[in-house]
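Numbering (UniProt numbering), first residue to last: 1 to 228.
Written out as structure tokens, the structure is:
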């Protein structure tokens with residue numbers, strides 16, 4: 001029973017009109033690319049989350065900031081919060097070494113450096129998610145266009161044949177509806193993944209903002225205690 005259904009679907013795909021076949025092929029390509037982006041982005045987000053958790057544990061363990069900066073600077077694969085810490089601490093040290101500098105100016109410069117680094121990290125995490133949003137929004141309409149075209153083609157054939165029976169109408173309508181099904185198959189995972197990644201990136205943004213504020217307070221306290 002399942003074999004018969006599978007062969008019938010394949011036959012419908014092969015017997016579809018050329019425009020409908022092109023639309024189905026386009027949707028399948030979009031689906032494959034979408035799943036590729038989903039898997040790659042899931043790996044990136046998981047990698048960034050693990051790195052962030054490891055860095056937070058090390059940072060709040062009371063480690064020396066200079067020692068942490070040397071460790072972070074020596075990494076080639078540093079991401080996320082490590083990059084923010086590196087940018088902020090480097091800017092803080094550079095500004096503190098300038099004679100006659102005000103602490104408020106130093107902290108403003110440090111915050112700007114960290115915000116710029118945080119934005120670069122968020123942009124990297126957000127890369128390619130726009131493609132998922134595009135697939136999720138346009139795939140149903142592309143599939144619907146294929147359905148409309150297929151049904152139109154089927155009824156034109158019926159009009160030319162002059163013999164409207166269920167057996168003659170059903171295959172044309174069925175092959176047209178497959179385009180909508182493929183469009184939904186491509187769109188639903190893309191929409192779900194996009195919403196999930198958007199939520200994850202928002203959480204990263206909140207964690208980055210919290211870290212920047214807390215790190216700025218730590219640097220400001222150290223600068224107040226230490227002589228210029």
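Just so you know, even glycine gets a beta-carbon here, dropped at the ideal spot from N, CA and C.
Please read all numbers here as calculations on a predicted model, not as lab measurements.
(request) Taking only runs that begin and end inside the stretch 69–142, name each unbroken alpha helix (DSSP H) of 4 or more residues, in chain order. (result) 81–96 and 103–126
(request) Have a look at residue 230 and residue 59 and give me their C-alpha separation to the nearest angstrom. (result) As displayed, the chain neither begins before 1 nor continues past 228, which places residue 230 out of reach and without an answer.
(request) Could you name the residues of the same chain whose beta carbon sits closer than 8 Å to that of residue 122, not counting the 5 residues immediately before and after it, in chain order? (result) 201, 204, 205 and 208
(request) Could you say which of 82, 130, 138 and 89 lies nearest to residue 186 if we only look at CA atoms? (result) 138
(request) Using beta-carbon positions only, say whether residue 212 and residue 79 come within less than 8 Å of one another. (result) no
(message) With three or more C-beta pairs closer than 8 Å as the rule, is the stretch 142–149 touching the stretch 32–40?
(response) no
(request) From the DSSP output, in three-state form, read off residue 149 for me. (result) helix
(request) Measure the Cβ-Cβ separation of residue 179 and residue 146 and say whether it is below 8 Å. (result) yes
(message) Going by beta-carbon coordinates alone, are residue 149 and residue 32 separated by less than 8 Å?
(response) no
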